[in-house]
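Single-structure report; data block below.
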Amino acid sequence: MIIEKKKLKNGFELPLFGFGTWSMGGRDKKDPLNDDKADIAAIRTAIEIGITHIDTAAWYAEGHCEEIVGDAIKNYDRTEIILTTKVPPMELHYKDIICSAKKSLKRLGTDYIDIYVIHNPNPYIDIRESMEAFDYLLDKKLIKYIGLSNFNVKQFDEAQNSTDNPIVCNHLHYNLKHRGPLSDGSIEYAQKNDVLIVAWRPTQKGFFGLNDIEILNKLSEKYEKTPIQLAINWLISQKNVVTISKSRNIKHLKENLGAIGWEMEKSDIALLQNNFPDTVNTVENITLAKLIQPE
Ligand SMILES: NC(=O)c1ccc[n+]([C@@H]2O[C@H](COP(=O)([O-])OP(=O)(O)OC[C@H]3O[C@@H](n4cnc5c(N)ncnc54)[C@H](OP(=O)(O)O)[C@@H]3O)[C@@H](O)[C@H]2O)c1
Numbered sequence: 014m015i016i017e018k019k020k021l022k023n024g025f026e027l028p029l030f031g032f033g034t035w036s037m038g039g040r041d042k043k044d045p046l047n048d049d050k051a052d053i054a055a056i057r058t059a060i061e062i063g064i065t066h067i068d069t070a071a072w073y074a075e076g077h078c079e080e081i082v083g084d085a086i087k088n089y090d091r092t093e094i095i096l097t098t099k100v101p102p103m104e105l106h107y108k109d110i111i112c113s114a115k116k117s118l119k120r121l122g123t124d125y126i127d128i129y130v131i132h133n134p135n136p137y138i139d140i141r142e143s144m145e146a147f148d149y150l151l152d153k154k155l156i157k158y159i160g161l162s163n164f165n166v167k168q169f170d171e172a173q174n175s176t177d178n179p180i181v182c183n184h185l186h187y188n189l190k191h192r193g194p195l196s197d198g199s200i201e202y203a204q205k206n207d208v209l210i211v212a213w214r215p216t217q218k219g220f221f222g223l224n225d226i227e228i229l230n231k232l233s234e235k236y237e238k239t240p241i242q243l244a245i246n247w248l249i250s251q252k253n254v255v256t257i258s259k260s261r262n263i264k265h266l267k268e269n270l271g272a273i274g275w276e277m278e279k280s281d282i283a284l285l286q287n288n289f290p291d292t293v294n295t296v297e298n299i300t301l302a303k304l305i306q307p308e
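Using my numbering, read the sequence shown as starting at 14 and increasing by one per residue.
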């Protein structure tokens, strides 16, 4: 299947749906009991089906997740894969970023990262110093684009004002239930400033399918789509929003991909926007704990 892309005015583009890898190879630490072969197979299956954007992070399983991704992609045409990886927020000094990027490249078995992302903002390190390192990595062609993750509007703006290169995306926890990026203006900012929002946790770990939610049940009948497909479709119906989801389970992956290639009526998008129950409208603060604990 060909997954449609969203393109910014500056030329940067991402598929509507990409593959996440959080918890592959372990969580915050490498898990010696993890079935790495199953993770590699799941990534390869996703690629075979048509997924090209793969999201990982140096933090995941202490870098082992990147090794799994590297192994999974090694026999594919590198130019067909869009690799995102992230530098941990404790490594945002100039030299640390360059060192971290080089380690990621080695673990991923590649000579460039498509989108290199700051995993979380770090209020203790001057973003101007970090952006200088990103400019260097761009200049050396070790990365193709700069991205951010979990940055609020003010933090994003500060980062963008620290480099002449476009910051092309902001990864945010955003789904039908978690509306922080809408209420804090991040979605509007992205739409006005030519930035893509990469919505992480689109299924809320399967929540939309595991719970009996009346509004989703009704629309499920109308569109003959599952609640999870509706939830993902609602995300990608929005200007400048794409998403990434992780699944080891091929049935889940196929279900999630069934969210693509059709549209809800505007009135139903608005219904989900306005009437979904128990939405969380705040953004989690990046506490010190978030600076040392990945996700
Ligand atoms: N930048 C950040 O701070 C940040 C934070 C969190 C995540 N991320 C990235 O974003 C990616 C997506 O987030 P996520 O993995 O939490 O999203 P998610 O896809 O909403 O949740 C993944 C979990 O939901 C399950 N799942 C997926 N599709 C399902 C379905 N159709 N029915 C039932 N269960 C389903 C998966 O289980 P199975 O494996 O069994 O299918 C997995 O346990 C991550 O993998 C990671 O790469 C980034």
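Ideal placement from N, C-alpha and C gives every residue a C-beta, glycine not left out.
None of the values given here were measured: they were computed from a predicted structure.
Option in the options with minimal Cα separation from residue i
| i | options | result |
| --- | --- | --- |
| K42 | K264, K119 and E79 | E79 |
| H186 | H132, N206 and T176 | H132 |
| F221 | A244, D207 and Q204 | A244 |
| N294 | L232, G38, S196 and K235 | S196 |
| E308 | K99, D225, K235 and L284 | K99 |
| I263 | E61, K20, Y137 and N47 | E61 |
Nearest-angstrom beta carbon gap, residue j and residue i [assumed within contact, 8 Å]
| i | j | result |
| --- | --- | --- |
| S162 | T216 | Going by Cβ atoms, the distance from S162 to T216 rounds to 19 Å, so no, they are not a contact pair. |
| Y158 | F25 | 6 Å |
Residue i CB to nearest heavy atom of ligand 1 below 6 Å
| i | result |
| --- | --- |
| N47 | no |
| R261 | yes |
| S258 | yes |
| R214 | yes |
| I159 | no |
| T34 | yes |
Residue j beta carbon less than 7 Å from that of residue i
| i | j | result |
| --- | --- | --- |
| P101 | A71 | yes |
| L105 | S143 | yes |
| Q242 | A272 | yes |
| T34 | T69 | yes |
| R261 | A59 | no |
| V208 | L29 | no |
| Q204 | K252 | yes |
| P134 | Q173 | no |
Contacts around residue i, its chain only, beta-carbon distance under 7 Å, and the 5 residues preceding and following it disregarded
| i | result |
| --- | --- |
| I282 | W247 and S250 |
| A85 | I53, I56 and R57 |
| N288 | I228 |
| V82 | T34, I56, I67, T69 and L121 |
Own chain, CB closer than 8 Å to residue i, minus 5 neighbours either side, in chain order
| i | result |
| --- | --- |
| G219 | I241 and H265 |
| G193 | L185, H186, Y187, S199, V293, N294, T295, V296 and E297 |
Ligand 2 heavy atom lying under 6 Å from the CB of residue i
| i | result |
| --- | --- |
| K218 | No copy of ligand 2 occurs in the structure displayed; its ligands are ligand 1 alone. |
Residues near residue i by beta carbon distance below 6 Å, same chain, minus five either side
| i | result |
| --- | --- |
| L150 | A114 and I156 |
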